[in-house]
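In our numbering, the protein residues as written are 11 to 280. Even glycine gets a Cβ: it sits at the ideal position worked out from N, Cα and C. Just so we're clear, the structure is a prediction, and the values are computed from it rather than from any experiment. See below for the structure under consideration.
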Amino acid sequence: MENLDKKIRIEIIKMLVKRGFGHIGGSMSVVELLAVLYGEVMNVDPKNPNWEERDYLVLSKGHAGPALYSTLALKGFFDKEMLMTLNEPHTNLPSHCDRQKTPGIDMTTGSLGQGLSAAVGIAQAIKLQGKNNRVFTIVGDGELQEGQCFEALQYAAHHELDNLVVFVDENKLQLDGYTKDICKQGDLVTKFNTFDLHTVRCDGHDMKAIKESINNALVTPHKPSVIVLDTIKAKGVAFLENDLGNHHVRFTDEQIILLNEIVKELESEL
Ligand SMILES: Cc1ncc(C[n+]2csc(CCOP(=O)(O)OP(=O)(O)O)c2C)c(N)n1
Ligand SMILES: [Mg+2]
């Protein structure tokens with residue numbers, strides 16, 4: 011789908027502006043990844059979200075729901091108008107992903123750390139059934155402070171789950187500061203390679219590079235893959251990029267004017 015990245019950014023901004031607040035930082039940093047996954051890589055059927063042969067996505071950093079909802083709506087899983095109900099009472103689009111509410115959401119997430127374990131379980135089940143579906147999961151860099159992420163990766167490596175691709179959104183920030191100041195992680199590629207995982211780093215805003223990394227991951231036998239994405243939190247919203255307070259923002263009137271200007275500019279580029 012042409013310009014899917016720009017279209018996703020437009021929808022994220024529109025839905026967050028409508029609500030007046032939300033997780034803008036971590037939603038904007040995964041836009042190019044979602045555009046590549048849903049635009050070029052994943053086998054899915056928007057008219058049959060539970061299709062047994064589909065590839066799975068577990069958005070372990072479930073607070074980036076607005077980014078995934080925008081992508082699913084643009085793919086045709088549900089009407090775009092539904093995006094305007096984000097996080098409203100009785101909505102089918104809660105701020106964190108819920109598989110029982112939203113067509114196309116494969117796993118309920120939001121309690122950080124758990125989605126990666128769930129993705130490993132799905133990948134293992136698929137292998138046990140002798141099937142070929144692929145499983146993708148997106149984990150935050152701050153989220154990696156949850157110990158169960160490492161338990162899950164160790165298990166995945168041991169069981170040679172080469173149908174699993176884990177993306178780490180390394181945007182260097184978590185809720186309340188730089189990840190390196192809160193709990194330093196060192197070089198994630200070196201770290202995960204010692205787990206016997208196929209690990210690479212790539213520019214998380216370069217769609218060509220992302221596609222190439224995924225293609226390589228999918229043909230690496232016997233090893234699960236980790237793709238560490240070098241990203242910018244709140245990418246595309248200049249006044250929030252790399253701002254320590256960009257995790258969850260309640261927008262001022264002035265910021266809403268700026269956000270609407272970004273939408274106009276993106277729309278003019280379509
Ligand atoms: C177990 C758990 N603890 C705390 C939170 C609250 N929380 C939501 S997002 C977040 C920060 C996550 O940082 P990171 O994983 O780097 O996400 P990103 O930068 O991509 O937004 C925290 C602490 C949570 N959702 N789950
Ligand atoms: Mg982060």
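Going by DSSP, what residues sit across from residue i in a beta bridge?
i	result
V145	Y66 and L174
R260	F31
G150	D179
Q184	G187
Just reading off the beta strand (DSSP E) that residue i is part of, what are its end residues?
i	result
R211	H208 to D213
V236	S235 to D240
Cβ atoms of residue j and residue i: under 7 Å apart, would you say?
i	j	result
S39	D179	yes
F205	A244	no
L67	F146	yes
H258	H33	yes
D151	T189	yes
L96	A45	no
I18	S80	yes
I115	P76	no
D263	R144	no
V238	L198	yes
G49	H73	no
L93	M25	yes
I220	L82	no
Starting from residue i, trace the alpha helix (DSSP H) both ways and give me its first and last residue.
i	result
V46	V41 to V46
Q158	Q158 to H168
K221	M217 to L228
K243	Segment: none, K243 is in no alpha helix (DSSP H) and carries neither H nor E.
F249	That residue, F249, is in no alpha helix (DSSP H); it is neither H nor E in DSSP.
Taking contact to mean 3 or more Cβ pairs, one atom from each stretch, closer than 8 Å, check whether the region 245 to 258 and the region 170 to 178 are in contact. no
Within the chosen definition, does the region 154 to 169 reach the region 130 to 138 through at least 3 CB pairs nearer than 8 Å? The region 154 to 169 and the region 130 to 138 touch, with no fewer than 3 CB-CB distances between them shorter than 8 Å.
Which ranges would you report for the alpha helix (DSSP H) in the region 63 to 132 if only whole runs of at least 4 residues count? For the region 63 to 132, whole alpha helix (DSSP H) runs of length 4 or above, ordered along the chain, are 75 to 85.
At least three beta-carbon pairs within less than 8 Å, the region 52 to 64 to the region 262 to 273: no
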